[in-house]
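The structure under discussion appears below in the form of structure tokens.
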Amino acid sequence: MDLSTILSRVQFAFTVGYHYIFPQITMGLAFLIVLLKTLYLIKKDERYNISARFWAKIFATSFVLGVVTGIPMEFQFGTNWARFSAYAGDIIAQTLAMEGAFAFFLESAFLGVFLFGEKVFGQRVHWLAAVMVWLGTWASGAFIVASNAWMQHPVGYTIAGNRLHISNYWEVLLNPWIFPQYLHTMSGAVITGAFIMAGLGAYYLLARSHVDYGRIFVTLGVIVGLIASVIQLYPSGDLEGQQVAKYQPAKLAAFEGLFHTEQGAGIVILGQPNTATGQLDNPLIVPKVLSFLTYRRWEAVVKGLDAFPPNQRPDSIELLYYSYHIMVGLGTFFIPIMGVACLLWLWKRRLFTTRWMLWILMLATPFPIIANTAGWFTTELGRQPWIIYGLLPTAQGSSANLSAGNVLFTLLGFAGMYLLLGLLYVVLSVTEALKGPESGEGEEAEVVEEGGLPGLATGTVAEG
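In terms of full-length UniProt numbering, the sequence shown opens at residue 1 and continues consecutively.
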């Protein structure tokens, strides 16, 4: 693989990794905003409506950054991956065009209604706008996942000369790879939104500011976060593992650093893959668990990397191994974090006054973003050395006339621009978070001054 292709891979990894920070936030928050708006219509408590409007501002900021950082990714198909686009554009363009023509316009149009149309259209239409924004964001995710799923497991195509042509449109849209990946992606996005909401609510409670809203944010974030974290592990994570074992067994072997085929293979808790010696250094392994999780039999044979020719194995085994274990490790920890928080909430609402748990919720806020990013690295690194699995090697998909210097120039340019955009996003989001929800009727000032956090003044708060 030449240097130009390697740098094109690095550039795409950087731009897509940076971009995906924002869609996972919007897909997660969109669902939570619908819940807040629904609670308002049911309970007639204005605080839920104020909360929905507040999070819509964070959503809108994230949405704009997602659009800005998403556009260069589309252009890279032509500038950096021209041979891939020429070979498979007849298929990939279908799902990408549907994402833009249907999902994006649905999301953006109703976002405008939600942000500016509450007084004009009334509460029921305002709720409907929230639902449509949520459906738009999740439909957008579905079309993008469909595109990626086809690259992981190509179906519904015919080969004519040096190009692929779509032969069955519905087979592409109903690709069996889509459902597990989509469920895993959406549950991951909801975890991100839930942790952000719970983390900000925890900050408000610790700071004794916007206390009523802090309790709403923590309650909703913790409950939804626990449910989504469980779904992320099972069934979505299990289904993802099953299809990887069936269709991409070399990827599974690299996940676990399994260099040699084993009967009754164990699952790796700790260890460092050593590709030079073909083994794991300092391993901590639970025997036979990988065989059971993969094939539901304790003594099942799991293929190792030695079962595949060197040119059919992932080309960055170490990075793939660590990406996978970061994703799984963090995802596993999310369950006890949210589980303990839920138990404290159920126990006479002690969560609101248990400072050590509030600190954990606040400090855990960025970790779902890291886990989701590691998950996408796992997906893409594991597909290598193919850009379309089994059909087109990555080395044959890049632009033939693009020099390494050209790619390095644009990569550095993206890094500089994205740094400025990131700083702008942080400033806008932090400023909005510090301002807090506002009612427009002086209600928020009353909450801040008089709401108080029970037990703080009397010293009865449980200390961590």
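By construction, the Cβ of each residue, glycine as well, lies at the ideal position given by its N, Cα and C atoms. Small disclaimer: the values here were computed from a predicted structure and weren't measured.
- In the structure shown, W386 adopts extended strand secondary structure according to DSSP, grouped into three states.
- DSSP places D281 inside the beta strand (DSSP E), whose first and last residues are 279-286.
- If you check the CB distance, V407 and L36 do not come in under 8 angstroms.
- Secondary structure at G199: helix, using DSSP grouped into helix, strand and coil.
- For Y321, the uninterrupted alpha helix (DSSP H) segment begins and ends at 317-346.
- Under the Cβ criterion (8 angstroms, minimum of three pairs), the region 6-22 counts as touching the region 365-384.
- Per the DSSP secondary-structure output, I159 pairs in a beta bridge with L164.
- Where P23 is concerned, the enclosing alpha helix (DSSP H) starts and stops at 21-43.
- Distance from G339 to L233 at the Cβ level is roughly 12 angstroms; contact not present, criterion being Cβ atoms closer than 8 angstroms.
- Between the C-alpha atoms of S187 and V145 there is a straight-line separation of about 13 angstroms.
- With a threshold of 16 other beta carbon atoms within 10 Å, Q272 falls short and is exposed.
- For Q242, the enclosing alpha helix (DSSP H) begins and ends at 238-247.
- About 6 angstroms separates the CB atoms of I91 and V172; that is less than 8 angstroms, so the two are in contact.
- The alpha carbon of T185 has as its nearest neighbour, out of I71, L205, A139, I166, the alpha carbon of A139.
- For V268, DSSP records a beta bridge to I285.
- Less than 8 angstroms divides the Cβ of L305 from the Cβ of A250.
- Within the same chain, Cβ atoms closer than 7 angstroms to the Cβ of D315 are found at Q384, P385, the five residues on either side in sequence being excluded.
- By the criterion of a C-beta distance shorter than 8 angstroms, A415 is surrounded in its chain by F14, once the five residues flanking it on both sides are discounted.
- The alpha-carbon separation between G237 and F143 amounts to approximately 20 angstroms.
- E256 sits in coil when the DSSP states are folded into three classes, being neither helix nor strand.
- Comparing C-alpha distances from W170 to each of Q94, F116, M197 shows the shortest one belongs to Q94.
- The beta-carbon separation of L428 and T61, rounded to 5 angstroms, stays under the 8 angstroms limit for a contact.
- Contact annotation: G193 and G214 have beta-carbon atoms that are not nearer than 8 angstroms.
- Listed as beta-bridge partners of L392 by DSSP are I388.
- In the DSSP assignment, T79 falls within the unbroken alpha helix (DSSP H) covering 46-79.
- By the criterion of a C-beta distance shorter than 8 angstroms, G264 is surrounded in its chain by P287, K288, S291, W298, E299, A300, once the five residues flanking it on both sides are discounted.
- Note that the C-beta distance between T365 and G199 is below 8 angstroms.
- Taking the C-beta atoms as reference points, Q152 is found no nearer than 8 angstroms to Y425.
- In the structure shown, T354 adopts extended strand secondary structure according to DSSP, grouped into three states.
- Shortest Cα-Cα distance from E99 to any of W347, N148, A228 involves N148.
- Under the three-state reduction of DSSP, E438 is assigned to coil, being neither helix nor strand.
- In the DSSP secondary-structure assignment, V302 is bridged to E262.
- Counting every other CB atom within 10 Å of its CB across the protein chains shown gives E256 a total of 16 or more, marking it as buried.
- Contact check for Y48 against L164 fails: the beta carbons are separated by 8 angstroms or more.
- DSSP links N274 through a beta bridge to Q279.
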